[in-house]
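Participant: If you scroll down you'll find the structure; I have some questions about it.
Number of protein chains: 2
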Amino acid sequence: MKKVAVVGYGNTKFTKDELPIESLLLESTKQVFDTTKNLSQDLIDGLSELSGIKPKISHTVEHLCSSGSNAAVSGFSYIASGLADTVLVTGADKIGNPGQILEWDKSRGEFDHPIYWASMFTKAHKRQFSTTDEELAIVSAKNHKQAMDNPNAYSHKPYTISEIMNSKNVTDDLRILDCSYSCSGSSSILLTSEETAKKFTDEPIWISGIGQKTNSASFTKNELTTLSSSIIAANDAYKMAKTTPKKIDVAEIHDAFSVCELMAVEDLSLTEKNTGASYVRNLFNTEDRKINPRGGLIGAGHPLGATGISQIVEITQQLQNKAKKRQISNAKSGLVHNMSAAATSSTVLVLES
Amino acid sequence: MKKVAVVGYGNTKFTKDELPIESLLLESTKQVFDTTKNLSQDLIDGLSELSGIKPKISHTVEHLCSSGSNAAVSGFSYIASGLADTVLVTGADKIGNPGQILEWDKSRGEFDHPIYWASMFTKAHKRQFSTTDEELAIVSAKNHKQAMDNPNAYSHKPYTISEIMNSKNVTDDLRILDCSYSCSGSSSILLTSEETAKKFTDEPIWISGIGQKTNSASFTKNELTTLSSSIIAANDAYKMAKTTPKKIDVAEIHDAFSVCELMAVEDLSLTEKNTGASYVRNLFNTEDRKINPRGGLIGAGHPLGATGISQIVEITQQLQNKAKKRQISNAKSGLVHNMSAAATSSTVLVLES
Numbered sequence: 001m002k003k004v005a006v007v008g009y010g011n012t013k014f015t016k017d018e019l020p021i022e023s024l025l026l027e028s029t030k031q032v033f034d035t036t037k038n039l040s041q042d043l044i045d046g047l048s049e050l051s052g053i054k055p056k057i058s059h060t061v062e063h064l065c066s067s068g069s070n071a072a073v074s075g076f077s078y079i080a081s082g083l084a085d086t087v088l089v090t091g092a093d094k095i096g097n098p099g100q101i102l103e104w105d106k107s108r109g110e111f112d113h114p115i116y117w118a119s120m121f122t123k124a125h126k127r128q129f130s131t132t133d134e135e136l137a138i139v140s141a142k143n144h145k146q147a148m149d150n151p152n153a154y155s156h157k158p159y160t161i162s163e164i165m166n167s168k169n170v171t172d173d174l175r176i177l178d179c180s181y182s183c184s185g186s187s188s189i190l191l192t193s194e195e196t197a198k199k200f201t202d203e204p205i206w207i208s209g210i211g212q213k214t215n216s217a218s219f220t221k222n223e224l225t226t227l228s229s230s231i232i233a234a235n236d237a238y239k240m241a242k243t244t245p246k247k248i249d250v251a252e253i254h255d256a257f258s259v260c261e262l263m264a265v266e267d268l269s270l271t272e273k274n275t276g277a278s279y280v281r282n283l284f285n286t287e288d289r290k291i292n293p294r295g296g297l298i299g300a301g302h303p304l305g306a307t308g309i310s311q312i313v314e315i316t317q318q319l320q321n322k323a324k325k326r327q328i329s330n331a332k333s334g335l336v337h338n339m340s341a342a343a344t345s346s347t348v349l350v351l352e353s
Numbered sequence: 001m002k003k004v005a006v007v008g009y010g011n012t013k014f015t016k017d018e019l020p021i022e023s024l025l026l027e028s029t030k031q032v033f034d035t036t037k038n039l040s041q042d043l044i045d046g047l048s049e050l051s052g053i054k055p056k057i058s059h060t061v062e063h064l065c066s067s068g069s070n071a072a073v074s075g076f077s078y079i080a081s082g083l084a085d086t087v088l089v090t091g092a093d094k095i096g097n098p099g100q101i102l103e104w105d106k107s108r109g110e111f112d113h114p115i116y117w118a119s120m121f122t123k124a125h126k127r128q129f130s131t132t133d134e135e136l137a138i139v140s141a142k143n144h145k146q147a148m149d150n151p152n153a154y155s156h157k158p159y160t161i162s163e164i165m166n167s168k169n170v171t172d173d174l175r176i177l178d179c180s181y182s183c184s185g186s187s188s189i190l191l192t193s194e195e196t197a198k199k200f201t202d203e204p205i206w207i208s209g210i211g212q213k214t215n216s217a218s219f220t221k222n223e224l225t226t227l228s229s230s231i232i233a234a235n236d237a238y239k240m241a242k243t244t245p246k247k248i249d250v251a252e253i254h255d256a257f258s259v260c261e262l263m264a265v266e267d268l269s270l271t272e273k274n275t276g277a278s279y280v281r282n283l284f285n286t287e288d289r290k291i292n293p294r295g296g297l298i299g300a301g302h303p304l305g306a307t308g309i310s311q312i313v314e315i316t317q318q319l320q321n322k323a324k325k326r327q328i329s330n331a332k333s334g335l336v337h338n339m340s341a342a343a344t345s346s347t348v349l350v351l352e353s
C-alpha cells in the first residue's frame, strides 16, 4: 500500500447563512491552492467543476454525518492503490439541507431529527454511569470556549456551565446547548502520494491509520452506552498505524451531542471505561485543548459534508504547528473520529507528522 | 496494485413498477450469494444494511448515470490498496427518481431532461457526418432486438426500423424510441482480491483496465460530435490492461440515446472515425451481438444507479460463457463504457477471463 499525505487544506467559515453550495466548495478549494506550492489544476486526478479541474476520478461520496471522512478514505484508497496520484477531497453543506434528517428518524416518535437517539443515549448514560447534567454541560462549555479561538467556528460565544444547564430543554435529557449546530460551510484537503508530497509542501502529514465499521442501524438496548462501531474502528486504525492510544497528542471527536464526547473518549481508549466525565472535567479545568481544539461539532458547527474534512484540516494544522492559539504543544500524532447514523457507523483516522 | 476480480453478481428485472429501493437492492444482493460459493455475510468488508452485512467500509457513490461504474471503481480501489478484501457493489434506482434530472438541464430551454443535450448531439452528428434517421433507428432496432433475449430487460418488444423512425417526435431530431427508458431496477457485483477469488468462484473475471475522465460540463460546439472524455478514458483503460481495441470481443456501451452508440463505437476505437453507422448496420444485418448484447440502455432500460453495474454483470456472464442466448462465442476480453452528465464524464473498464 502506498503512503498517502495531506498536503493542503481549506476551510470556509461555518455559518447560518444560506450560501450556494458551489460558492462554499469553491472557497475552501481555492484555499487548497493557497496552502500548497506548485499546485496547478491539471495535477489533480480527482474532483470539482468550478475550479477548472478536469479529473480522472470525480464522484460524490454520501454517508450522512461522516461523509467527509468517508470521502477522505475513498481518496486515500485511490492513491494507495495507484489509480490516482493526487486527489482533492472537498465537502460542503448548506443550513437546512433536508438530507441532514434520516428518513428512518421520522418514524421513531415525535422528533424528526437525530435528537431522538441522542436523547436515548443520554438517558441510558445517566442511568448506567450516574452521569450528571453538570458533567454533560462541561463538554459543551469546554467546546464552546475552545471555539472562541477558531476563526471559522459557528459559535464565538462562551457559555457557563450554569447557562448550558439552564438552556432550553429539547427533550427530558437534552438541552439545546448539548446539540451541535446544523450550518453552512465547506472544507477541503489535498491528498497525494509519498513521491509527490514534497512537491506540494515541506510538511506533509501522513494518514497512517484508518479504521471503519458500520453496524446494523437497528441498535439494541445494550449498545446505548457504548459506541461499538467506534471501538472497532479505533482498534483497526491504531493497529494499521502501529501506534497506541497513549501516543495520541490531539483528537477531533464527533461530539454531535455532549454525551457523544463522554462516550467517545472512553471507546477510543483515550481514557479508561467509566472515567469519561472526570477526564473531560480535568481537561476543562486545566484548559487542556487535547480534545476538540477547534471547538468540536458543538462549538464549530456541523455542516454534514464538511465536518469530517474540517476535523482532518484541524489535525493537519496541529501537527504542522500552525494551529495558532489552538496549538497543542509538540503534537506529533493526532486522531480523527467521525460518526453517522446514531453512531452505528464510525470512521477513525490516525495522522502523523 | 493488487489484482481484483468479479466473483459474483445479481440483477433484478428492470421495470416501470414503483418498487421500494430497499427491496430492489436486497433482491440483486441476494443473487450474489446464489452465484458464489462459500460466501457469508461476515466475509464482506463493504456495504448494505438489510442483508445483515456489517461492513468496514459502507458509503454511497453518486455520479448520475455512471454512479454504478464509479462505485465499482471505488470498490476496486479499496481492494487494490489493501484497505478491504471483499466488496459488495450494489446499485438501484426507482422510476421517477427526481435525481435522474440534472438541475442545470432545467435552465437550458424547454426540456427539463437530458433530452436537450441528446438532441444537440444528434443534430450536430447529422450535420457533420450526414447521418440519416435510418442509421440512428438501426441502433434502437438492434438493441431492442437483443433485449428480447435478456430476461431482465425493460423492453421485450421488437421494433422495425420503420416503426422507430415513425415513433413519436420528442424534438426535431429525437424520436421516443431513440431514448433509453428510465425505470426501476438493481444490480450487484462482488469484487475480491486475487488471494480470495478462488474461494468464491471457479471463474473469476479480472478487472484489468480502468480509465476515467471528467471534463467541464460546459462543453463547446467542437465537442458535440465526439465523446472526448470517452476517448481519454478508453485509452487509459487499454493502456492499464496492456491490450488494444482489436482484442475486445464484446462491449457494453452507454447508448442513453441512439446517437451515443454511433459516437462511442468510434471513440472507443472499436471502428474507425466516421464508420460508426456502417459498423452498427453491419452488426444488425449479420445478427452479431458484439455491442450491447443485453440490449443496451435503450432495450434493457436505464435505472441510473444500476446501469454501470448491470453492464459489468453482462460482461462477466459473457466471459464466463454463461450468457445463454446472448452469448458471444469465445469471448475472452470485454469492455464496459458508462457515461454521465451530457457525456462530459466517462468510465471505461476492460474485463478479462
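Chains as they are written, first to last, in full-length UniProt numbering: chain A, 1 to 353; chain B, 1 to 353. In this text, a Cβ means the ideal position worked out from N, Cα and C, and glycines have one as well.
1) Kindly indicate the opening and closing residues of the beta strand (DSSP E) around Q212 (chain A).
2) When DSSP labels each residue in this structure, what does S48 (chain B) get in the three-state scheme?
3) Go through its chain and collect everything with a Cβ distance to D45 (chain B)'s Cβ below 7 Å, but skip five positions before and after it.
4) Just to make sure I have the definition right: I need the residues of chain B whose C-beta is within less than 9 Å of the C-beta of V87 (chain A). Which are they?
5) For the alpha helix (DSSP H) that L319 (chain B) lies in, which residues bound it at each end?
6) Which residue comes first and which comes last in the alpha helix (DSSP H) that contains residue 363 (chain B)?
7) Taking buried to mean at least 16 other C-beta atoms within 10 Å of its own C-beta, is R326 (chain B) buried or exposed?
8) Does M339 (chain B) have its Cβ less than 8 Å from a Cβ in chain A?
9) Quick one: Cα of Q146 (chain B) to Cα of G295 (chain B), how far?
10) What would DSSP say about T243 (chain A), mapped onto helix, strand or coil?
11) Determine the direct distance from the alpha carbon of M165 (chain A) to that of A92 (chain B), and round the result to whole angstroms.
12) Quick one: Cα of G334 (chain B) to Cα of K2 (chain B), how far?
13) Chain A partners of H254 (chain B), CB-CB under 9 Å?
14) When DSSP labels each residue in this structure, what does K277 (chain B) get in the three-state scheme?
15) Starting from the beta carbon of N70 (chain B), find every residue of chain A whose beta carbon is closer than 7 Å, and list them in chain order.
16) With distances taken from CA atoms, which of A:A251, A:A341 and A:D42 is nearest Q317 (chain A)?
17) Between B:S329, B:H337, B:V350 and B:S310, which has its C-alpha nearest L25 (chain B)'s C-alpha?
18) Taking 8 Å as the threshold (beta carbon to beta carbon), is A343 (chain B) in contact with chain A?
19) On the DSSP letters alone, give me the boundaries of the beta strand (DSSP E) that V89 (chain B) sits inside.
20) Return yes when the C-beta of S130 (chain B) is under 7 Å from any heavy atom of the ligand GTP, and no when it is not.
21) Can you pull the chain A neighbours of M1 (chain B), defined as C-beta to C-beta under 8 Å?
22) Spatial neighbours of L102 (chain B) within its chain, please: CB distance less than 6 Å, with the 5 preceding and 5 following residues excluded, ordered by chain position.
23) Classify H144 (chain B) as buried or exposed, calling it buried when 16 or more other Cβ atoms lie within 10 Å of its own Cβ.
24) State the start and end residues of the unbroken alpha helix (DSSP H) segment that holds A5 (chain B).
25) Of all the options B:Y78, B:E27, B:V259 and B:L283, which has the alpha carbon lying nearest to the alpha carbon of residue 436 (chain B)?
26) Mapping the DSSP letters down to three states, classify G68 (chain B) as helix, strand or coil.
27) Between the beta-carbon of S184 (chain B) and the beta-carbon of S28 (chain B), is there less than 8 Å?
28) Check the Cβ-Cβ distances between E62 (chain A) and every residue of chain B, and say whether any is below 8 Å.
29) Restricting to Cα atoms, I'd like to know which of A:E266, A:Q320, A:I253 and A:L270 is closest to N338 (chain A).
30) Do you know offhand how far A323 (chain B)'s Cα is from A300 (chain A)'s?
31) Going by CA-CA distance only, name the one from B:G276, B:T192 and B:G10 that's closest to K30 (chain B).
32) Any Cβ of chain A within less than 8 Å of the Cβ of V336 (chain B)?
33) DSSP three-state call for F257 (chain B): helix, strand or coil?
34) Smallest Cα separation from N274 (chain A): which of A:D255, A:E135 and A:R289?
35) For L191 (chain B), which beta-bridge partners are listed by DSSP?
36) For the segment 229-248 of chain B, enumerate the residues whose C-beta is nearer than 7 Å to any C-beta of chain A, in chain order.
Facilitator: In terms of the structure at hand:
1) The residue you call residue 212 (chain A) lines up with position 212 of the first sequence. Run containing Q212 (chain A): I205 to T214, per the beta strand (DSSP E) assignment.
2) For this step, residue 48 (chain B) is matched to residue 48 along the second sequence. Any reading at S48 (chain B) must be qualified, since the residue scores a pLDDT of 49, below 50, and its modelled position is unreliable; no value is offered.
3) Indexing the second sequence from 1 puts residue 45 (chain B) at position 45. So the list reads P55, K56, I57, A84, D85, T86 and V87, once near-sequence residues are dropped.
4) As a first step, residue 87 (chain A) is located in the first sequence; it is residue number 87 there, counting from the start. Residues of chain B with a Cβ closer than 9 Å to the Cβ of V87 (chain A) do not exist, since the nearest Cβ in that chain sits about 10 Å away.
5) By 1-based counting over the second sequence, the position of residue 319 (chain B) is 319. Start and end: L304 to L319.
6) The structure shown has nothing for residue 363 (chain B), since chain B only spans 1 to 353.
7) By one-based count along the second sequence, residue 326 (chain B) stands at place 326. Classification for R326 (chain B): buried.
8) Residue 339 (chain B) sits at position 339 when you count from the first residue of the second sequence. Contacts with chain A at 8 Å (Cβ-Cβ) do not include M339 (chain B).
9) Taking the first residue of the second sequence as 1, we reach residue 146 (chain B) at position 146. Taking the first residue of the second sequence as 1, we reach residue 295 (chain B) at position 295. So the two alpha carbons sit approximately 5 Å from each other.
10) For this step, residue 243 (chain A) is matched to residue 243 along the first sequence. T243 (chain A) falls in the coil class under three-state DSSP.
11) Taking the second sequence and counting its residues from 1, one reaches residue 92 (chain B) at position 92. Taking the first sequence and counting its residues from 1, one reaches residue 165 (chain A) at position 165. If I take the Cα positions, the gap works out to 46 Å.
12) In the second sequence, the residue the question calls residue 334 (chain B) occupies position 334. In the second sequence, the residue the question calls residue 2 (chain B) occupies position 2. In this structure, the straight-line span from the alpha carbon of G334 (chain B) to that of K2 (chain B) is close to 20 Å.
13) Residue 254 (chain B) sits at position 254 when you count from the first residue of the second sequence. Within chain A, not a single residue places a beta-carbon under 9 Å from that of H254 (chain B); the smallest gap is close to 16 Å.
14) Indexing the second sequence from 1 puts residue 277 (chain B) at position 277. Residue identity check: residue 277 (chain B) is Ala in the sequence provided, not Lys. Taken through DSSP and simplified to helix, strand or coil, A277 (chain B) comes out as helix.
15) Taking the second sequence and counting its residues from 1, one reaches residue 70 (chain B) at position 70. Within chain A, the residues near N70 (chain B) are H59.
16) Position 317 of the first sequence, counting from 1, holds the residue named residue 317 (chain A). Of the candidates A:A251, A:A341 and A:D42, A:A251 places its Cα closest to the Cα of Q317 (chain A).
17) Against the second sequence, residue 25 (chain B) aligns to sequence position 25. The shortest C-alpha separation from L25 (chain B) is found at B:S310.
18) Residue numbering aside, residue 343 (chain B) sits at position 343 when the second sequence is read from its first letter. Judged by the 8 Å Cβ criterion, A343 (chain B) is not in contact with chain A.
19) For the purposes of this step, residue 89 (chain B) is taken as the residue at position 89 of the second sequence. Its beta strand (DSSP E) spans residues T86 to D93.
20) Looking for the ligand GTP in the displayed structure turns up nothing, as the structure carries no ligands at all.
21) Here the question's residue 1 (chain B) lines up with position 1 in the second sequence. Within 8 Å Cβ-Cβ: S81, G82 and L83.
22) Your numbering for residue 102 (chain B) matches position 102 in the second sequence. Its pLDDT being 47, under 50, L102 (chain B) is placed unreliably by the model, and nothing is read from it.
23) Taking the first residue of the second sequence as position 1, residue 144 (chain B) is located at position 144. By the neighbour-count rule (16 or more Cβ atoms within 10 Å), H144 (chain B) is buried.
24) For the purposes of this step, residue 5 (chain B) is taken as the residue at position 5 of the second sequence. From DSSP, A5 (chain B) is part of no alpha helix (DSSP H) but of the beta strand (DSSP E) over V4 to N11.
25) Since the first residue of chain B shown is 1 and the last is 353, residue 436 (chain B) is not available in this structure.
26) Counting from one through the second sequence, the residue named residue 68 (chain B) turns up at place 68. Here G68 (chain B) carries a helix assignment [DSSP, helix/strand/coil].
27) Along the second sequence, read from residue 1 onward, the residue named residue 184 (chain B) stands at position 184. Along the second sequence, read from residue 1 onward, the residue named residue 28 (chain B) stands at position 28. Their beta carbons are not under 8 Å apart, which means S184 (chain B) does not touch S28 (chain B) by this criterion.
28) As a first step, residue 62 (chain A) must be located in the first sequence, where it is residue number 62. For E62 (chain A), the answer is yes, since a Cβ of chain B falls inside 8 Å of its Cβ.
29) Here the question's residue 338 (chain A) lines up with position 338 in the first sequence. Between N338 (chain A) and the set A:E266, A:Q320, A:I253 and A:L270, the nearest pair of CA atoms involves A:I253.
30) For this step, residue 323 (chain B) is matched to residue 323 along the second sequence. For this step, residue 300 (chain A) is matched to residue 300 along the first sequence. Answer to the nearest angstrom: the Cα atoms are 55 Å apart.
31) For the purposes of this step, residue 30 (chain B) is taken as residue 30 along the second sequence, with counting starting at 1. Of the candidates B:G276, B:T192 and B:G10, the one whose C-alpha sits nearest the C-alpha of K30 (chain B) is B:G10.
32) Locating residue 336 (chain B) in the second sequence gives position 336, counting from the first residue. False, the Cβ-Cβ gap to chain A never drops below 8 Å.
33) Residue numbering aside, residue 257 (chain B) sits at position 257 when the second sequence is read from its first letter. It is a strand residue.
34) Counting from 1 along the first sequence, the entry for residue 274 (chain A) is found at position 274. Taking only the C-alpha atoms, the option nearest N274 (chain A) is A:E135.
35) In the second sequence, residue 191 (chain B) corresponds to position 191, counting from 1. Per DSSP, B:V6 and B:V87.
36) Per Cβ criterion, the list is empty.
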